[in-house]
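By numbering that gives the first Met the number 0, the letter at position 51 of the sequence shown is numbered 50, and the numbering carries on one by one without gaps.
C-beta: ideal position from N, C-alpha, C; glycine also.
Computed from a predicted structure; not experimentally measured.
Please read the structure below before turning to the comments.
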Amino acid sequence: MAANSLLAGATQILCFIARVGDSTTSAAIAKSLKTNPVVVRRILKSLERAGIVDLRAGRHGGVALRRPAAEITLEDVHKAVGGDLFALRPTGNPRCPIYRAMAGSLTPVFDAASEAVDQTFRRTKLAALLAAID
0 MAANSLLAGA TQILCFIARV GDSTTSAAIA KSLKTNPVVV RRILKSLERA
50 GIVDLRAGRH GGVALRRPAA EITLEDVHKA VGGDLFALRP TGNPRCPIYR
100 AMAGSLTPVF DAASEAVDQT FRRTKLAALL AAID
């Protein structure tokens, strides 16, 4: 799954948990996302490692937000699932003059764009996304 798909999926998972409550299961979440429960469990493990959710195994298990939605930012979610959101880093033959010029020219542009996105993610709370759902 691409980084931007992981971010969108993880955000949708968190909104689902916030709305449905802590008794929800990965199977119920997967049904909502129209994906395999294994994919959901992988994302949930990343979110758990980042301290965003608590997972409870077993028959009466489930998943819950570890902290209020107003304290979870998209930056937290993005860091949890990882990946380069843009994935546009120049690659190619370092002996090619066009590659060398593009690498030197594009990298600062991509870095600036990435910083702008990071600033937006730091300001965007899960609670704001939930409010837009209502």
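Worksheet entry | Helix, strand or coil at glycine 61 according to DSSP, with G and I counted as helix | strand
Worksheet item: Alpha carbon to alpha carbon, how far is histidine 77 from valine 38?
Response: Using only the alpha carbons, I get a separation of about 16 Å.
Discussion item. Let me confirm a value: valine 62 is counted as buried when at least 16 other C-beta atoms fall within 10 Å, else exposed. Which label applies?
Written reply: buried
Worksheet item: Can you pull the DSSP bridge partners for threonine 72?
Response: Lys124
Discussion item. Whole angstroms are fine: how far does the CA of tyrosine 98 sit from the CA of leucine 105?
Written reply: 10 Å
Worksheet item: Are the stretch 101 to 120 and the stretch 69 to 76 touching, with three or more C-beta to C-beta distances below 8 Å?
Response: yes
Practice prompt. Please work out which residues of its chain come closer than 6 Å, Cβ to Cβ, to aspartate 53, disregarding the five sequence neighbours upstream and downstream, and give them in chain order.
Written response: Ala63, Arg65
Item to complete: Could you check which residue in Gly82, Lys33, Glu70, Thr23 has the C-alpha nearest to that of leucine 129?
Response: Glu70
Worksheet item: If we ignore side chains and look at the alpha-carbon of each, how far apart do glycine 163 and arginine 58 end up?
Response: Since the first and last residues shown for the chain are 0 and 133, residue 163 lies out of range.
Discussion item. Pop quiz: alanine 79 and lysine 124 are said to be a contact at Cβ under 8 Å. What is the actual Cβ separation, rounded to whole angstroms?
Written reply: Contact doesn't hold; Cβ gap of about 15 Å is too wide.
Fill in: Collapsed DSSP secondary structure at arginine 55 in the structure displayed
strand
Discussion item. Give me, in chain order, the residues of the same chain whose beta-carbon lies closer than 7 Å to that of threonine 24; leave out the 5 immediate sequence neighbours on both sides.
Written reply: Gly61
Practice prompt. Taking isoleucine 42 and alanine 9 to be in contact with their CB atoms under 8 Å, please state how far apart those CB atoms are, rounded to whole angstroms.
Written response: 5 Å
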